[in-house]
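K.L.:
Quick note on the working numbering: the sequence shown kicks off at 2 and runs consecutively.
Glycine included, each C-beta is placed from N, C-alpha and C at the ideal position.
Structure provided below as structure tokens; questions to follow.
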Amino acid sequence: MGKEFPLPIYNMENQEKSLFKHNGVNYLVPFILITSCFALWGFANDITNPMVEAFSRIFRMSVTEGTLVQVAFYGGYFCMAFPAAMFIKKHSYKAGILMGLGLYATGALLFFPAKLSGTFYPFLAAYFILTCGLSFLETSANPFILSMGSEENATRRLNMAQSFNPLGSISGMFVAMFVIQANLSPMTSEERANLTKDAFESLKEQDLSVLIGPYLIIAAVIAAVFLILWFTKIPNTQTKVEDGNDGIGQTFGRLIKNKRYVWSVVAQFFYVGVQIMCWTFIIQYGKYYFMQDGMAEGEAAKQAQFFNICAMASFIVFRFICTYLMKYFKPAKMLLIFATIAFFLLYGVIFGTNGYGIYCLILVSACMSLMFPTIYGIGLKDIGRDAEIGAAGLIMSILGGSILPPLQAAIIDAGGSEHMLFGLPSVNVSFVVPLVCFAVIIWYSKKMMKSE
């Protein structure tokens, strides 16, 4: 193979080892089953992003208030990651995945009583419980995939498993666009504000009935996956600790001293934040320019969601391309190249006042395709018995998806009724926050290149 590729080749001898065999055990079937969970949490992530705009309209809220959906969603990830790690350490990766699926289904089913309440905050509680389940799933599945084969192939194997995550994501986007947004009332926020109390409550009831349907269906799908995994024998690949006195304090001590791990947690915080911002506010960005062309608010949001789907499609295609290229090039180098390209594309988003910045956002998604699993794989490299707790730290860094989007939303709202800030549309200016996030990832990738 080296003769076929005269360019600099990354660790070719090790890359020839099987992705799914280790110490005589074939992990292909467990890999396929666990990978299905990646698609399930991808669906939840990306049916949720458009709900910021949907809830804002349904409950007549500001964009900033609507981002409480993201606060609850990613707050659940943060709060449950460490308890999930302790549960997995005591039991097994499989037990963690089953617990995650159970909480995921419970949160989805709670959308029904939330709808009966007719208020916004019970939905936040349902999202929080749902994402406590996702936290269990990610804390279990990511290190499990890393352990299903040789360590030399671990990051590439995780990239391959993560390639199926955006398939679930794009399914969530299609459902958001064609099942939810297409069937919500097209009335604008201003028109809703002028309704009588009874008319507003009737319209809200109708829209919430549309919104909860997909969540009830996904709960049934999750239940089916739960049963399949329950009855399937899956080997436990956790590293056994011979020293029974090796407690949490020692584990934290080792992780904190591991600069590569600590930097990876920081980078993952900013990466998840930038991913959520780019996929959430592409809708606000596109909607602004479509409405400037005279399109109604509901139709503008639907059209913007189409571009969000295009962004996810580019993400999917480049995830597979990057997984292949990782056979030949160092992950940190690829991370640096793609983060740098994304950084400069955001200048087109900020200063593209003719609306063409939305195409730059689509290309930013392509650049983001390799980032989460690559940062994750680099962070957990060579940490052995600390993998469960280390995975929890990396999942807790998903809190960036809760903290950073409200900052961007506040900039959008700062534009007021004129939607302008510093002589630019406020939605354009808001992408300064993602710009800073990519600067951090560039810094991180340079650090990691020096340590490889």
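1) Can you find the residues in the same chain that come closer than 6 Å, C-beta to C-beta, to residue 432, ignoring five residues on each side of it along the sequence?
2) Quick check on residue 177: buried or exposed, where buried means 16 or more other Cβ atoms within 10 Å of its Cβ?
3) Where does residue 1 sit, in a helix, a strand or coil, going by DSSP?
4) Given a cut-off of 8 Å, decide if residue 288 and residue 268 are closer than it, judged by their beta-carbon atoms.
5) Secondary structure at residue 198, three-state DSSP: helix, strand or coil?
6) Output the distance between the C-alpha atoms of residue 319 and residue 356, rounded to the nearest integer angstrom.
7) Could you please give the first and the last residue of the uninterrupted alpha helix (DSSP H) stretch that includes residue 309?
8) Tell me the DSSP secondary structure of residue 383 in three-state form.
9) Assess contact between the region 390-409 and the region 78-87, defined as three or more Cβ pairs (one per stretch) separated by less than 8 Å. Is contact present?
10) Short of 6 Å in beta carbon distance, which residues of its chain neighbour residue 115, apart from the five on each side in sequence? Order them along the chain.
11) Identify, in the order they occur along the chain, each residue of the same chain with its Cβ nearer than 6 Å to the Cβ of residue 315, setting aside the five sequence neighbours on each side.
12) When the distance is taken between beta carbons, is residue 136 closer than 8 Å to residue 396?
13) Here's the rule I'm using: 16 or more other beta-carbon atoms within 10 Å means buried, otherwise exposed. How should residue 293 be labelled?
14) Do you know how far the Cα of residue 403 is from the Cα of residue 182?
15) According to DSSP, simplified to helix, strand and coil, what is residue 399?
16) Does the structure place the region 47-59 close enough to the region 104-118 that three or more beta carbon pairs sit under 8 Å?
17) What residue range does the alpha helix (DSSP H) around residue 259 cover?
18) Using the Cα positions of residue 167 and residue 343, report the straight-line distance between them to the nearest angstrom.
19) Can you check which of these residues, 411, 360, 334, is closest to residue 451 by C-alpha distance?
20) Let me make sure I understand the geometry here. Which of 192, 191, 174, 205 has the alpha-carbon closest to that of residue 185?
21) For residue 299, which residues from the same chain have a beta carbon less than 6 Å from its beta carbon, with the 5 sequence-adjacent residues on both sides left out?
22) Give the secondary structure of residue 451 by DSSP, where H, G and I count as helix, E and B as strand, and everything else as coil.
23) In terms of residue numbering, what span does the alpha helix (DSSP H) encompassing residue 177 cover?
24) Does residue 81 come out as helix, strand or coil in the three-state DSSP assignment?
25) Can you tell me whether residue 325 is buried or exposed? The criterion is at least 16 other CB atoms within 10 Å of its CB, across all chains shown.
26) Just list the alpha helix (DSSP H) runs in the region 335-388, keeping only unbroken ones of 4 residues or longer that don't cross its boundaries, in chain order.
27) Can you tell which of 265, 359, 157 has the C-alpha that lies nearest to the C-alpha of residue 371?
28) Identify, in the order they occur along the chain, each residue of the same chain with its Cβ nearer than 8 Å to the Cβ of residue 256, setting aside the five sequence neighbours on each side.
29) Beta-carbon separation of residue 442 and residue 272 under 8 Å?
30) Below 8 Å CB to CB, which residues in the same chain sit around residue 34 once its five sequence neighbours on both sides are set aside?
31) So what does DSSP say about residue 243, is it helix, strand or coil?
32) In angstroms with no decimal places, state the Cα-to-Cα distance between residue 296 and residue 117.
33) Measuring only the C-alpha atoms, how far is residue 106 from residue 398?
34) For a test of the three-state rule: what should DSSP assign to residue 432, helix, strand or coil?
35) Give the range of the alpha helix (DSSP H) segment to which residue 163 is assigned.
36) So is residue 277 buried or exposed if we call it buried at 16+ other beta carbons inside 10 Å?
P.N.:
So, from the data block:
1) For this step, residue 432 is matched to residue 431 along the sequence shown. Listed in chain order, the non-local C-beta contacts of residue 432 below 6 Å within the same chain comprise 347, 350, 351, local neighbours out to five positions each way being set aside.
2) In the sequence shown, residue 177 corresponds to position 176, counting from 1. That one is buried.
3) The structure shown does not extend to residue 1, since the chain is modelled only from 2 to 453, so the question has no answer here.
4) One-based indexing of the sequence shown puts residue 268 at position 267. One-based indexing of the sequence shown puts residue 288 at position 287. No, the Cβ-Cβ distance between residue 268 and residue 288 is not below 8 Å.
5) Walking along the sequence shown from the start, residue 198 turns up at place 197. Residue 198 sits in a helix when the DSSP states are folded into three classes.
6) Counted from its first residue, the sequence shown places residue 319 at position 318. Counted from its first residue, the sequence shown places residue 356 at position 355. Using only the alpha carbons, I get a separation of about 24 Å.
7) Counting from one through the sequence shown, the residue named residue 309 turns up at place 308. Here the alpha helix (DSSP H) through residue 309 covers 298-326.
8) Working through the sequence shown from its first residue, we reach residue 383 at position 382. Reduced to three states, the DSSP call for residue 383 is coil.
9) Counting Cβ pairs under 8 Å, three or more are found: they touch.
10) By 1-based counting over the sequence shown, the position of residue 115 is 114. Result list for residue 115: 123, 124, 127, in chain order.
11) Taking the sequence shown and counting its residues from 1, the one referred to as residue 315 is at position 314. Result list for residue 315: 363, 366, 367, in chain order.
12) Locating residue 396 in the sequence shown gives position 395, counting from the first residue. Locating residue 136 in the sequence shown gives position 135, counting from the first residue. Yes, Cβ-Cβ distance for residue 396 and residue 136 is below 8 Å.
13) Counting from 1 along the sequence shown, the entry for residue 293 is found at position 292. It is exposed - the Cβ of residue 293 has fewer than 16 other Cβ atoms within 10 Å.
14) For this step, residue 182 is matched to residue 181 along the sequence shown. For this step, residue 403 is matched to residue 402 along the sequence shown. Near 23 Å, if we compare the C-alpha coordinates of residue 403 and residue 182.
15) Mapped onto the sequence shown, residue 399 falls at position 398. Residue 399 falls in the helix class under three-state DSSP.
16) Taking 8 Å as the limit for Cβ pairs, the verdict is that the region 47-59 does not touch the region 104-118.
17) As a position in the sequence shown, residue 259 is number 258, starting the count at 1. Counted as a single uninterrupted DSSP element, the stretch harbouring residue 259 is not any alpha helix (DSSP H), since DSSP gives it neither H nor E.
18) In the sequence shown, counting from the first residue as 1, residue 167 sits at position 166. In the sequence shown, counting from the first residue as 1, residue 343 sits at position 342. If you take the alpha carbons of residue 167 and residue 343, they lie about 19 Å apart.
19) Indexing the sequence shown from 1 puts residue 451 at position 450. Comparing Cα positions, the closest option is 334.
20) For the purposes of this step, residue 185 is identified with residue 184 of the sequence shown, where counting begins at 1. When the alpha-carbon of residue 185 is set against those of 192, 191, 174, 205, the nearest one is in 205.
21) On the sequence shown, residue 299 is found 298 positions in, with the first residue counted as 1. The residues are 187.
22) Against the sequence shown, residue 451 aligns to sequence position 450. Secondary structure of residue 451 (DSSP, three-state): helix.
23) Translated into positions along the sequence shown, residue 177 becomes position 176. Segment: none, residue 177 is in no alpha helix (DSSP H) and carries neither H nor E.
24) Counting from one through the sequence shown, the residue named residue 81 turns up at place 80. It is helical.
25) The residue labelled residue 325 in the question sits at position 324 within the sequence shown. Under this definition residue 325 is an exposed residue.
26) Qualifying alpha helix (DSSP H) stretches, in chain order: 358-369, 372-381.
27) Counted from its first residue, the sequence shown places residue 371 at position 370. Per the Cα distances, 157.
28) The residue given as residue 256 occupies position 255 in the sequence shown. Counting only Cβ-Cβ distances below 8 Å, and skipping sequence neighbours, we find 262, 263, 384, 387, 390, 391, 394.
29) Along the sequence shown, read from residue 1 onward, the residue named residue 442 stands at position 441. Along the sequence shown, read from residue 1 onward, the residue named residue 272 stands at position 271. Yes.
30) Here residue 34 corresponds to residue number 33 of the sequence shown, with the count starting at 1. Same-chain partners within the cutoff: 229, 230, 233, 235.
31) Looking up residue 243 in the sequence shown gives position 242. Legend: pLDDT at residue 243 = 46, less than 50; position of this residue unreliable, no value from coordinates given.
32) For this step, residue 296 is matched to residue 295 along the sequence shown. For this step, residue 117 is matched to residue 116 along the sequence shown. Approximately 33 Å, taken between the alpha carbons.
33) As a first step, residue 106 is located in the sequence shown; it is residue number 105 there, counting from the start. As a first step, residue 398 is located in the sequence shown; it is residue number 397 there, counting from the start. Residue 106 and residue 398: Cα-Cα distance of roughly 23 Å.
34) Your numbering for residue 432 matches position 431 in the sequence shown. DSSP places residue 432 in the coil class of the three-state scheme, outside both helix and strand.
35) Looking up residue 163 in the sequence shown gives position 162. Annotation: the continuous alpha helix (DSSP H) that includes residue 163 extends over 155-163.
36) As a first step, residue 277 must be located in the sequence shown, where it is residue number 276. Classification of residue 277: buried, given that the 10 Å Cβ count is 16 or more.
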